[in-house]
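Protein chains in written order, with the numbering used here: chain A, 1 to 117; chain B, 1001 to 1117. Glycine residues also receive a C-beta, built at the ideal position from the N, C-alpha and C atoms.
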DNA sequence: TAACTGTACTATTAGTGATGGTACACTTAG
DNA sequence: CTAAGTGTACCATCACTAATAGTACAGTTA
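The following block contains the structure:
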């Protein structure tokens, strides 16, 4: 479910955060479903438990999961998250689009590329 | 011409590289035109000459400028760079687009946002 | 009680970005 | 030729972040 790309310049904990955000928003993990424990996931990915802990803390901070001490981490049921996440993506995309338009790519060409995805 | 954003998480030398790439591809700096010297630009931006050196070395590596020892750095006349750069942007954009489609945004909505730019 | 959970520490290592400083080779204007 | 300006190659250092390693403690549950 989680794959770490060591060639990626993004830190491991951030890759985990991104991956879970997508899984949750796609509905691949249901609300109130339990995530792997910090120690288990660390074992499975062969990385340090502290790194998982950092990822989970960030996911909780952003409202994607909630934590119950002694029990585990669970997917949050917050429905507003999808819209927030879409806005984040949209902003990133539009920033890049503005830059590529600046150096001469046409909107038409860009839209064509998106259409064929 | 060059502005450094210290709030940006991207390193300074990378911001300089990106900025010059855009300026060159937009034609804001002509082919064979001279860039500020390492020491001058460092003074102007109040940063270390080594940081400028790193940015210029990267721009040369990517073919955007060429260097003449003792004389300075000059804009390259390579016309293939624009297409290469467009492809870079396009790949980044399409990666993000795929992800936002995965969490349920529609192509139509996305295209509408681009249209109104 | 034992085996899980999360959490909070501290210490350490490794890598990167940036700075400060020195030195050297080349080019050009005077 | 000289001086001032170019790029370039170092080295040492600092600061920050990511990641690791290990320990300890508190809550939950079979």
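A residue is called buried once 16 or more other Cβ atoms fall within 10 Å of its Cβ, and residue 1033 (chain B), having fewer, is exposed. Within a 10 Å sphere around the beta-carbon of residue 1017 (chain B) sit 16 or more other beta-carbons, which makes this residue buried. Scanning chain A for C-beta atoms nearer than 8 angstroms to the C-beta of residue 1107 (chain B) yields 114, 115, 117, reported in chain order.
The count of Cβ pairs closer than 8 angstroms, one atom from the segment 19–39 of chain A and one from the segment 48–68 of chain A, reaches three, so the stretches are in contact.
Three or more Cβ pairs closer than 8 angstroms define a contact, and the segment 1076–1094 of chain B meets that threshold against the segment 1024–1032 of chain B.
Looking at the DSSP output, residue 67 (chain A) shares a beta bridge with A:73. Closest in C-alpha terms to residue 1112 (chain B), from the list A:21, A:43, A:103, A:94, comes A:94. Rounded to the nearest whole angstrom, the C-alpha separation of residue 1081 (chain B) and residue 68 (chain A) is 53 angstroms. In this structure, residue 29 (chain A) lies near residue 75 (chain A), with their beta-carbon atoms less than 7 angstroms apart.
Here the alpha carbons of residue 1019 (chain B) and residue 103 (chain A) stand approximately 12 angstroms from one another. A straight-line Cα-Cα distance of about 18 angstroms links residue 42 (chain A) and residue 21 (chain A). Using a CB distance cut-off of 7 angstroms, residue 96 (chain A) counts as an interface residue toward chain B. Against chain A, a Cβ distance below 8 angstroms from residue 1022 (chain B) picks out 99, 102, 103. Taking a C-beta distance under 7 angstroms as the contact criterion, residue 1097 (chain B) and residue 114 (chain A) qualify as a contact pair.
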